[in-house]
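Here is the structure we will look at, set down as structure tokens.
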Amino acid sequence: KYGGKYLVRGGEILADDTTWQPKRIVILEFPTREDMDKFSNSEEYKPVAALRHKAADTEGFVVLGYDG
Numbered sequence: 042k043y044g045g046k047y048l049v050r051g052g053e054i055l056a057d058d059t060t061w062q063p064k065r066i067v068i069l070e071f072p073t074r075e076d077m078d079k080f081s082n083s084e085e086y087k088p089v090a091a092l093r094h095k096a097a098d099t100e101g102f103v104v105l106g107y108d109g
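For the sequence shown, my numbering begins at 42 and goes up steadily by one.
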């Protein structure tokens, strides 16, 4: 619906030269920043986000992509 797709969803994490040791990483890709914003602000995602924030200590990042 919003054009997003999983690029990474779990799997082994090999942290190189850092003290950051995440237990799980999820990376989503969206066609545009606007599509990502629509997803993040959607009524469908709001209850999922609330549950995620309750159940885990999470960090979110937006990386504007490289088109090359």
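By construction, the Cβ of each residue, glycine as well, lies at the ideal position given by its N, Cα and C atoms. In this text the structure is predicted, and so the values were computed from the model without any measurement.
Determine, using beta carbons only, whether residue i comes closer than 8 Å to chain B.
{"i": "Trp61", "result": "The structure shown has no chain B; it contains just one protein chain."}
Are residue i and residue j touching if we call contact CB-CB under 8 Å?
{"i": "Gln76", "j": "Gly44", "result": "Just to set this straight, residue 76 is Asp in the shown sequence, not Gln. Yes, these two residues count as a Cβ contact at 8 Å."}
{"i": "Leu69", "j": "Leu92", "result": "no"}
How is residue i classed by DSSP in three states: helix, strand or coil?
{"i": "Leu48", "result": "strand"}
{"i": "Gly53", "result": "With the sequence shown as reference, residue 53 is identified as Glu, and Gly is not the correct amino acid for it. Here Glu53 sits in coil by DSSP."}
{"i": "Leu69", "result": "strand"}
{"i": "Ser81", "result": "helix"}
{"i": "Leu111", "result": "Here the chain covers residues 42 to 109 and nothing more, so residue 111 does not appear."}
{"i": "Lys42", "result": "coil"}
Based on Cα-Cα distance, which residue from the options lies nearest to residue i?
{"i": "Gly106", "options": "Val67, Glu84 and Thr73", "result": "Thr73"}
{"i": "Phe102", "options": "Ile66, Glu85, Gly109 and Lys95", "result": "Ile66"}
{"i": "Thr99", "options": "Glu85, Lys64 and Ser81", "result": "Lys64"}
{"i": "Lys42", "options": "Asp108, Ala97 and Phe80", "result": "Phe80"}
{"i": "Ala108", "options": "Val89, Glu85 and Phe71", "result": "Checking the displayed sequence, the identity of residue 108 turns out to be Asp instead of Ala. Nearest of Val89, Glu85 and Phe71 to Asp108, Cα basis: Phe71."}
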